[in-house]
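Protein chains in written order, with this note's numbering: chain A, 193 to 555; chain B, 7 to 205.
Note that beta-carbon positions come from the ideal geometry of N, C-alpha and C, so glycine has one too.
A quick note: this is a predicted structure, and the numbers were derived from the prediction, not measured.
This report concerns only the one structure given below.
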Amino acid sequence: MIIRNIEINNFRNFAGLKATFEPGANIFFGDNGSGKTNFLEALFVLCLGRSQLGAADNVLVKQDSDYYRLEGEVAAGDNRHRIAVAYQKGSRRRLAVDGVTARPAELFERFCAVSTGPEDSVILSGPPGARRMFLDMYLSQLSPRYLSELTDYHRVLSQKNAALKNEIDPAPFEPLLISHGARVMVQRGEFLNALKELSRQYHGEIAGGEKFTLKYEPSVSLSDENNTGPGEIELAFQRTLDEHYEKEAYLRTAIVGPHRDEIFFEIAGLPARTYGSQGQWRTAAIALKLGVYRLLKDRRGGAPLLLLDEIFAELDSNRCDRLIELFGEFSQLFLTTATAPPPQLITNGCCYKIVRGTVENVS
Amino acid sequence: MFNSAGSVERLINQLARLPGIGRKTAARLAFHILKSTREEAFELADTIREVKEKVGFCSICYNITEEDPCKICRDPQRDRHTICIVEDASDAAAFDRVEGFKVLFHVLGGRLSPLDGIGPDDLKIRELLNRLDDHVKEVIIATNPNVEGEATALYLSRLLKPMGIRVTRIARGLPVGADLEYADTVTLTKSLEGRQEIK
Ligand SMILES: [Zn+2]
Numbered sequence: 193m194i195i196r197n198i199e200i201n202n203f204r205n206f207a208g209l210k211a212t213f214e215p216g217a218n219i220f221f222g223d224n225g226s227g228k229t230n231f232l233e234a235l236f237v238l239c240l241g242r243s244q245l246g247a248a249d250n251v252l253v254k255q256d257s258d259y260y261r262l263e264g265e266v267a268a269g270d271n272r273h274r275i276a277v278a279y280q281k282g283s284r285r286r287l288a289v290d291g292v293t294a295r296p297a298e299l300f301e302r303f304c305a306v307s308t309g310p311e312d313s314v315i316l317s318g319p320p321g322a323r324r325m326f327l328d329m330y331l332s333q334l335s336p337r338y339l340s341e342l343t344d345y346h347r348v349l350s351q352k353n354a355a356l357k358n359e360i361d362p363a364p365f366e367p368l369l370i371s372h373g374a375r376v377m378v379q380r381g382e383f384l385n386a387l388k389e390l391s392r393q394y395h396g397e398i399a400g401g402e403k404f405t406l407k408y409e410p411s412v413s414l415s416d417e418n419n420t421g422p423g424e425i426e427l428a429f430q431r432t433l434d435e436h437y438e439k440e441a442y443l444r445t446a447i448v449g450p451h452r453d454e455i456f457f458e459i460a461g462l463p464a465r466t467y468g469s470q471g472q473w474r475t476a477a478i479a480l481k482l483g484v485y486r487l488l489k490d491r492r493g494g495a496p497l498l499l500l501d502e503i504f505a506e507l508d509s510n511r512c513d514r515l516i517e518l519f520g521e522f523s524q525l526f527l528t529t530a531t532a533p534p535p536q537l538i539t540n541g542c543c544y545k546i547v548r549g550t551v552e553n554v555s
Numbered sequence: 007m008f009n010s011a012g013s014v015e016r017l018i019n020q021l022a023r024l025p026g027i028g029r030k031t032a033a034r035l036a037f038h039i040l041k042s043t044r045e046e047a048f049e050l051a052d053t054i055r056e057v058k059e060k061v062g063f064c065s066i067c068y069n070i071t072e073e074d075p076c077k078i079c080r081d082p083q084r085d086r087h088t089i090c091i092v093e094d095a096s097d098a099a100a101f102d103r104v105e106g107f108k109v110l111f112h113v114l115g116g117r118l119s120p121l122d123g124i125g126p127d128d129l130k131i132r133e134l135l136n137r138l139d140d141h142v143k144e145v146i147i148a149t150n151p152n153v154e155g156e157a158t159a160l161y162l163s164r165l166l167k168p169m170g171i172r173v174t175r176i177a178r179g180l181p182v183g184a185d186l187e188y189a190d191t192v193t194l195t196k197s198l199e200g201r202q203e204i205k
């Protein structure tokens with residue numbers, strides 16, 4: 193997927209601007225606080241109708257304004273589409289593709305984008321919710337069915353939680369919790385298995401010798417880790433629910449299910465969350481996102497948009513060089529940097545300067 | 007705003023209690039009523055009063071009716087071996103329009119939704135169980151095909167199956183996320199033909 197152009201209105205610190213882009217590398221310079229990250233966020237929201245930072249719409253609206261609007265042209269294969277995302281404070285976000293109103297899930301079905309930035313360290317070092325957010329954002333792009341199962345699962349879950357709080361019998365919701373939950377878990381298991389191998393490869397290419405691995409740790413304990421079909425998971429889910437029946441009634445909250453899933457990461461043989469350094473977390477996050485990019489590209493039959501925010505900031509020069517060597521693989525990427533980018537990048541890319549909410553092509 | 011706005015404020019508050027009406031819309035409706043003629047406004051008020059005075063619930067099936075028992079429950083031509091369970095009176099009306107589907111109904115008066123504080127005791131489920139006698143051979147559960155409707159269907163089927171009654175669920179041919187009450191008759195007919203026994 194290639195973004196041809198974008199028009200931004202009242203988004204973060206941008207009052208109004210238009211920009212056009214080329215395939216290959218698009219490099220954005222600018223001081224800290226100039227709005228480089230905001231610019232990448234606008235591209236991400238244009239593709240998927242959601243912020244990669246998890247920011248709510250009212251946060252995205254420029255101060256002193258009451259709406260934002262993004263519109264742009266993307267090319268996917270031989271097709272070109274105009275996407276528009278608009279939000280007015282107090283109402284719902286509206287999405288349109290080629291002038292026709294689109295459901296939120298539709299953008300996930302038709303377009304895809306992968307982003308990595310300083311905020312990604314939390315995937316390795318932060319609370320479990322950060323890892324599930326990563327999982328859901330990218331697995332939803334890989335499989336529209338996952339997004340719909342997940343949406344239903346969360347609906348059932350909030351009904352069960354409300355039942356526990358209001359002392360209504362939650363039992364009628366549990367068969368649905370189990371069936372939607374099991375399908376969510378099956379897909380998470382498959383996704384993380386595929387991602388484990390790919391991210392290990394990318395990590396090796398960027399970090400040299402250091403080993404990186406990950407493991408899916410579902411909240412439902414499986415008696416046989418090799419048997420992870422839907423049937424086996426449903427049984428295990430039921431069993432774990434039964435075991436926690438009294439505890440859930442006492443806590444008045446559902447504590448069993450994929451909303452409590454975890455991913456365990458290990459860097460150089462040590463648990464990443466407790467022992468990692470900033471540089472290791474960043475490298476691992478980039479390897480994960482490149483792995484996701486590969487999976488999306490292979491399975492959806494089209495390259496996703498790739499957004500790289502300040503990727504050189506916390507990596508040593510060896511890792512930077514090896515990362516740049518990988519860039520040939522990507523059809524279009526957007527990259528920001530506060531420092532001067534390596535010269536070999538500039539020769540193959542288009543350069544833009546961001547100053548106080550404006551973008552200027554300087555190549 | 008002017009001082010005598012107490013009654014306006016009260017009207018807004020009352021309208022805002024209606025389902026799907028936020029405060030903003032309630033205020034707009036209230037001002038629309040204020041601007042309309044006396045006749046128009048009184049007609050609305052009278053209609054609301056009339057509906058509450060004349061229309062009630064059937065003591066058998068809990069459908070809305072002006073006479074008790076309702077026309078459907080009194081109709082001797084109906085298939086009295088089959089009861090179609092629906093969430094609301096509007097769903098019963100939609101199914102009743104389907105050609106050749108002249109059965110009895112039972113209106114639950116909602117769906118299981120703890121988020122809205124609705125549990126089994128808040129639905130006409132005990133009343134349903136009291137109705138089931140040897141005449142009833144099949145119960146068709148026609149709750150909406152969403153999370154709450156499915157949970158309600160599962161709950162009912164677990165209550166009814168041990169009683170030896172055939173329990174079926176309308177097919178999934180219905181558009182996901184759609185409301186039964188707005189589904190066209192063709193879709194409803196298909197969903198009835200494709201109904202399946204709940205396992
Ligand atoms: Zn009746």
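CB contact flag (residue i, residue j, <8 Å)
| i | j | result |
| --- | --- | --- |
| Arg-491(A) | Leu-334(A) | yes |
| Cys-543(A) | Ile-194(A) | no |
| Val-153(B) | Asp-344(A) | yes |
| Ile-370(A) | Gln-430(A) | yes |
| Thr-195(B) | Val-61(B) | no |
| Cys-493(A) | Ser-317(A) | The residue you asked about is not Cys; residue 493(A) is Gly in the sequence shown. Not in contact: Gly-493(A) and Ser-317(A) (Cβ atoms no closer than 8 Å). |
| Leu-134(B) | Ile-91(B) | yes |
| Leu-110(B) | Cys-64(B) | no |
| Ala-22(B) | Arg-16(B) | no |
| Thr-174(B) | Glu-203(B) | yes |
| Leu-262(A) | Phe-203(A) | yes |
| Arg-375(A) | Leu-327(A) | no |
| Cys-512(A) | Pro-535(A) | no |
| Asn-150(B) | Arg-117(B) | yes |
| Leu-497(A) | Ala-305(A) | yes |
| Asn-201(A) | Asn-230(A) | no |
Interface residues of chain A facing residue i [CB-CB closer than 7 Å]
| i | result |
| --- | --- |
| Val-153(B) | Asp-344, Arg-347, Val-348, Gln-351, Leu-368 |
| Ser-96(B) | Simply none; closest approach about 22 Å. |
beta-carbon residue i near ligand 3 non-hydrogen atom, thresh 7 Å
| i | result |
| --- | --- |
| Pro-75(B) | Looking for ligand 3 in the displayed structure turns up nothing; the ligands present are ligand 1. |
Opposing strand residues paired with residue i [DSSP bridges]
| i | result |
| --- | --- |
| Cys-90(B) | Phe-111(B), Ile-146(B) |
| Tyr-544(A) | Phe-220(A), Asn-553(A) |
| Ala-211(A) | Ile-198(A) |
| Tyr-259(A) | Gln-280(A) |
| Gly-264(A) | Ile-198(A), Ile-275(A) |
| Lys-407(A) | Phe-456(A) |
| Ser-119(B) | Ile-124(B) |
| Asp-501(A) | Thr-528(A) |
| Val-306(A) | Leu-498(A) |
| Glu-203(B) | Thr-174(B) |
| Arg-286(A) | Ala-278(A) |
| Leu-462(A) | Ile-459(A) |
Nearest-angstrom Cβ-Cβ length linking residue i and residue j, presumed shorter than 8 Å
| i | j | result |
| --- | --- | --- |
| Leu-414(A) | Ile-398(A) | Not really, about 33 Å apart at Cβ, beyond 8 Å. |
| Gly-264(A) | Asn-197(A) | 6 Å |
| Lys-357(A) | Arg-444(A) | 5 Å |
| Gly-241(A) | Pro-296(A) | 5 Å |
| Ala-441(A) | Phe-457(A) | About 34 Å separates the two Cβ atoms, so there is no contact after all. |
| Glu-454(A) | Glu-521(A) | Not quite, the Cβ-Cβ distance comes to about 31 Å (not below 8 Å), so this is no contact. |
| Arg-86(B) | His-141(B) | 6 Å |
| Ala-530(A) | Gly-222(A) | 7 Å |
Contacts that residue i makes with chain B (C-beta to C-beta distance below 8 Å)
| i | result |
| --- | --- |
| Phe-300(A) | Correct list: empty, because the minimum Cβ distance to chain B is about 16 Å. |
| Asp-249(A) | Simply none; closest approach about 18 Å. |
| Asp-361(A) | Gly-125, Pro-126 |
| Ala-446(A) | Within chain B, no residue comes near Ala-446(A); the closest Cβ sits about 12 Å away, beyond 8 Å. |
Within chain A, partners of residue i - CB distance below 8 Å
| i | result |
| --- | --- |
| Glu-156(B) | Leu-368 |
| Leu-160(B) | Pro-364, Pro-367, Leu-368 |
Contact set between residue i and chain A, taken where Cβ atoms lie within less than 9 Å
| i | result |
| --- | --- |
| Ser-197(B) | Within chain A, no residue comes near Ser-197(B); the closest Cβ sits about 20 Å away, beyond 9 Å. |
| Ser-119(B) | Gln-351, Ala-354 |
Chain-ordered neighbours of residue i on chain B, where CB pairs are closer than 7 Å
| i | result |
| --- | --- |
| Phe-365(A) | Ala-157 |
| Asn-358(A) | Pro-120, Gly-123 |
> Does the region 252-266 of chain A touch the region 309-318 of chain A, meaning 3 or more C-beta pairs lie closer than 8 Å?
Replying inline: no
> Using 8 Å as the threshold, is the region 334-352 of chain A in touch with the region 360-371 of chain A, meaning 3 or more CB pairs across them?
Replying inline: yes
>> Three Cβ pairs or more, each shorter than 8 Å: is that satisfied between the region 386-403 of chain A and the region 468-476 of chain A?
In response: yes
> Is the number of C-beta pairs between the region 46-62 of chain B and the region 81-88 of chain B that are closer than 8 Å three or more?
Replying inline: no
> Would you call the region 531-545 of chain A and the region 203-223 of chain A in contact, with 3 or more CB pairs under 8 Å?
Replying inline: yes
> On the three-pair Cβ rule with 8 Å, is the region 380-398 of chain A touching the region 477-488 of chain A?
Replying inline: yes
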